[in-house]
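Taking my numbering, the leading residue of the sequence shown gets 19, the next gets one more, and so forth.
Beta carbons are placed, not taken as given, at the ideal position from N, Cα and C, and that holds for glycine.
Worksheet: one structure, shown below.
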Amino acid sequence: MTPNALLANDVPLIDLRAPGEFARGAFPGSVNLPLLTDAERHEVGLAHKRGGAGAAIAKGHELVCGAVRAERTRAWAEFAGSRSGCWLYCWRGGLRSRTAQSWLREEGVTVPRVAGGYKALRRACLDALEEAVGDAKRWLVLAGRTGSGKTRVIGRLANAVDLEGLACHRGSAFGARPVGQPTPVAFENALAAAYLKHDASTLVLEDESRTIGRLALPAAWHERMGAAPLVLLEATTEERVGNIRSEYVEEPLAGGVPPDDLHARLAGSLDRIRKRLGGDRHARVGAALDEAFRTGSHEAWIRLLLDWYYDPMYDYQLAAKRRRVVFQGGMAAVTDYLSAPTL
19 MTPNALLAND
29 VPLIDLRAPG
39 EFARGAFPGS
49 VNLPLLTDAE
59 RHEVGLAHKR
69 GGAGAAIAKG
79 HELVCGAVRA
89 ERTRAWAEFA
99 GSRSGCWLYC
109 WRGGLRSRTA
119 QSWLREEGVT
129 VPRVAGGYKA
139 LRRACLDALE
149 EAVGDAKRWL
159 VLAGRTGSGK
169 TRVIGRLANA
179 VDLEGLACHR
189 GSAFGARPVG
199 QPTPVAFENA
209 LAAAYLKHDA
219 STLVLEDESR
229 TIGRLALPAA
239 WHERMGAAPL
249 VLLEATTEER
259 VGNIRSEYVE
269 EPLAGGVPPD
279 DLHARLAGSL
289 DRIRKRLGGD
299 RHARVGAALD
309 EAFRTGSHEA
319 WIRLLLDWYY
329 DPMYDYQLAA
339 KRRRVVFQGG
349 MAAVTDYLSA
359 PTL
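Set out below in structure tokens:
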């Protein structure tokens, strides 16, 4: 199976690299079950410097033997048994992959390895991202005021790629999520995999700046998005306030975030836009936020932020994009439009 097919078909992957390698970036569907720990890999590297490849291999077998070898082989076999059709890979698809395959075969388990390993999968991702910007698909960008429900529409569409979901960030000053964001490499890999799975003639993306939190979209992707037709999602102020309250307050609290922690998180986000708001407005929004956590009524601070921060910024940005608008309407109409197979 080619790297593209592995990524496009959500094939479960055993990543044999050391935890430090895995942490710098992996692929959707991969799990880190390393042949060598970071410390063991360091020792093997030192052995290689002193005595070459033979010494490194001998050191590896010395470090991973007996009960340690048995435990790591058992973990690979258990994963393979629970994930039908899984594959394994290391950095280049070489010694670590072949060693794991050999030990698994001794236990009666056969798992194919990715030819070229991580490097081949990563190259496939970079190629996919580069080729995407010149594809024959029609790209459409979904825009709308903060709180209009754009992410909800994206989630309903089979022909969309959810950039904020992949980035684990809502794309605004208040958009950080408790789980944190992936590494830039992992984000690029996830974006490429999502694109490779996309089989519609129209690609729908939410309107984003180049950066989503601390992650950046590929420059060519953002450039093409900046030239794509726009679809505007409209919503009343009341609907937007309700959506923001639900997404930023009610859902985190229902998910177990302590009220004091959520209050501190929102206050920290507010502090980051103090300069844009100005001192007086920042203080007034902060006071309304404090009051909200005392009373449970969050509408006031949300409305102030919409009036003083988000809507003026949106109006300014939309003025430069207005000529690209091809459709606008409420959630049902926009969803139907973007779902149409004849776009």
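Through-space distance from residue j to residue i, alpha-carbon basis
{"i": "Gly103", "j": "Val29", "result": "7 Å"}
{"i": "Thr201", "j": "Asp329", "result": "31 Å"}
{"i": "Thr20", "j": "Leu235", "result": "25 Å"}
{"i": "Leu214", "j": "Leu295", "result": "41 Å"}
{"i": "Gly348", "j": "Glu268", "result": "23 Å"}
{"i": "Arg170", "j": "Asp145", "result": "30 Å"}
{"i": "Leu81", "j": "Ala310", "result": "57 Å"}
{"i": "Pro276", "j": "Leu324", "result": "25 Å"}
{"i": "Glu89", "j": "Tyr136", "result": "24 Å"}
{"i": "Leu371", "j": "Tyr334", "result": "This structure cannot settle anything about residue 371, because the visible part of the chain is limited to 19 through 361."}
{"i": "Gln199", "j": "Gly193", "result": "11 Å"}
{"i": "Ala85", "j": "Val197", "result": "34 Å"}
{"i": "Arg101", "j": "Gln346", "result": "44 Å"}
For residue i, the three-state DSSP class (helix, strand or coil)
{"i": "Asp33", "result": "strand"}
{"i": "Ile320", "result": "helix"}
{"i": "Ile291", "result": "coil"}
{"i": "Gly244", "result": "helix"}
{"i": "Ala234", "result": "strand"}
{"i": "His66", "result": "helix"}
{"i": "Leu51", "result": "coil"}
{"i": "His79", "result": "helix"}
{"i": "Trp326", "result": "helix"}
{"i": "His187", "result": "strand"}
{"i": "Glu20", "result": "The question names Glu, yet the displayed sequence has Thr at residue 20. Reduced to three states, the DSSP call for Thr20 is coil."}
{"i": "Arg131", "result": "strand"}
{"i": "Ala44", "result": "coil"}
{"i": "Ala338", "result": "coil"}
{"i": "Ala358", "result": "coil"}
Bounding residues of the beta strand (DSSP E) (the contiguous stretch that carries residue i)
{"i": "Phe345", "result": "Val343 to Gly347"}
{"i": "Leu221", "result": "Thr220 to Glu224"}
{"i": "Gly249", "result": "In the sequence on display, residue 249 carries Val and not Gly. Unbroken beta strand (DSSP E) run through Val249: Leu248 to Leu251."}
{"i": "Val159", "result": "Arg156 to Gly162"}
{"i": "Leu175", "result": "Leu175 -> no beta strand (DSSP E), and no H or E assigned at all."}
{"i": "Tyr107", "result": "Trp105 to Tyr107"}
Cβ-Cβ distance between residue i and residue j below 9 Å
{"i": "Glu226", "j": "His240", "result": "yes"}
{"i": "Val222", "j": "Ile172", "result": "yes"}
{"i": "Val151", "j": "Arg242", "result": "yes"}
{"i": "Pro46", "j": "Ala208", "result": "yes"}
{"i": "Ala285", "j": "Gly304", "result": "yes"}
{"i": "Leu139", "j": "Leu34", "result": "no"}
{"i": "Gly165", "j": "Ile230", "result": "no"}
{"i": "Trp94", "j": "Val132", "result": "no"}
N-terminal and C-terminal residue of the alpha helix (DSSP H) that residue i is part of
{"i": "Ala93", "result": "Gly84 to Ser100"}
{"i": "Ser115", "result": "Leu113 to Glu124"}
{"i": "Tyr213", "result": "Pro202 to Lys215"}
{"i": "Asn261", "result": "Thr255 to Arg263"}
{"i": "Val303", "result": "Gly297 to Thr313"}
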